[in-house]
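Enquirer:
Structure below.
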């Protein structure tokens with residue numbers, strides 16, 4: 001268990017550094033182009049995630065095609081939205097807005113999964129949105145396109161989680177992982193055409209670094225799930241906010257003000273509470289049953305900022 005948790009923390013650290021590379025690329029390249037090259041190499045290497053019995057055709061052979069199609073589309077557009085957010089917002093601020101995802105999952109689960117959400121999680125959701133208002137401070141600071149991109153990315157990521165819960169364990173792990181790389185590459189490849197610009201040598205180096213982090217981080221997370229249940233590793237993703245604060249300060253000279261730090265703390269604390277509450281509800285249920293509030297277990301998929 002401990003080894004799995006440590007590997008999960010390492011995976012999310014690699015993800016955070018990959019996002020820092022995206023921010024370093026800046027506005028020199030179209031966000032869809034950054035996404036395309038960042039996911040092309042992981043897609044080509046995705047067969048390493050295959051288990052005995054898996055086939056390459058599993059990438060397009062789905063047991064629940066409509067749900068899988070919606071899931072891969074939502075996850076595929078999450079990454080370019082995240083790229084837009086990281087390029088135009090302070091690093092930690094972008095992460096905090098993306099971490100609104102667990103609260104959005106809770107809201108969507110009420111309407112789409114007909115789950116009963118108890119008052120504790122309801123208060124946590126309200127707190128998360130208060131934290132976002134403190135970070136964005138509408139009317140007191142400029143509302144940038146990056147804010148909208150981050151919030152849209154969190155919503156799409158939440159939709160990916162909900163569809164993943166609806167799919168359950170009907171799809172193979174390789175299918176769930178490989179289709180994310182495939183769909184992201186294809187959609188980004190199409191969308192990058194209007195704004196395509198050939199990368200410079202420096203940008204090629206950064207793009208290769210981004211691709212490497214995407215693949216290595218995913219691989220580390222999958223290895224982590226071999227030592228600990230995937231649903232126990234989710235809290236490790238919140239360590240990214242610490243990396244974001246450190247990286248933003250040291251490499252991008254970004255120092256969040258006191259109000260922003262308060263908002264970031266509230267959003268992260270709310271997300272951690274929702275995660276902890278779901279784990280508690282699962283443990284309270286008899287073996288073989290699922291708590292209505294927590295929803296069915298999720299299959300292994302790319303973590304927050306990549307899913």
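Numbering (full-length UniProt numbering), first residue to last: 1 to 307. Glycine is no exception: its CB is placed at the ideal position from the N, C-alpha and C atoms.
Tell me the residue span of the alpha helix (DSSP H) that contains residue 31.
Expert: 31–45 is the span of the alpha helix (DSSP H), which, as asked, contains residue 31.
Enquirer: Where does residue 27 land, buried or exposed, given buried means 16+ other C-beta within 10 angstroms?
Expert: Exposed, since its Cβ has fewer than 16 Cβ neighbours within 10 Å.
Enquirer: Report the start-end ranges of each alpha helix (DSSP H) in the UniProt domain "EamA" (3–136) that is 4 residues or longer and not cut off at the edges.
Expert: You should have 31–45, 65–88, 91–98, 101–112 and 119–136.
Enquirer: By Cβ distance, which residues of its chain are closer than 6 Å to residue 10, with the 5 residues on each side in sequence left out?
Expert: Closer than 6 Å at Cβ, skipping near neighbours: 220.
Enquirer: Taking just the CA atoms, how far does residue 280 sit from residue 47?
Expert: Rounded to the nearest angstrom, the two C-alpha atoms are 36 Å apart.
Enquirer: So which of 246, 177 and 157 has the shortest CA-CA distance to residue 81?
Expert: Answer by Cα proximity: 157.
Enquirer: To the nearest angstrom, how far is the alpha carbon of residue 240 from that of residue 19?
Expert: The straight-line gap from Cα to Cα measures roughly 10 Å.
Enquirer: Express the C-alpha separation of residue 162 and residue 195 in angstroms, rounding to a whole number.
Expert: About 32 Å.
Enquirer: In the structure shown, what three-state DSSP assignment does residue 291 receive?
Expert: Confidence is the limiting factor: at residue 291 the pLDDT is only 39, short of 50, which leaves the residue's position unreliable, though a coordinate-based value still follows. Correct three-state label for residue 291: coil.
Enquirer: Return the residue from the list 77, 160 and 135 that minimises the CA-CA distance to residue 259.
Expert: That would be 135, whose Cα lies nearest to the Cα of residue 259.
Enquirer: Straight-line CA distance for residue 142 to residue 149?
Expert: Straight-line Cα distance between these residues: approximately 14 Å.
Enquirer: Classify residue 7: buried if its beta carbon has 16 or more other beta carbons within 10 angstroms, exposed otherwise.
Expert: Result: buried.
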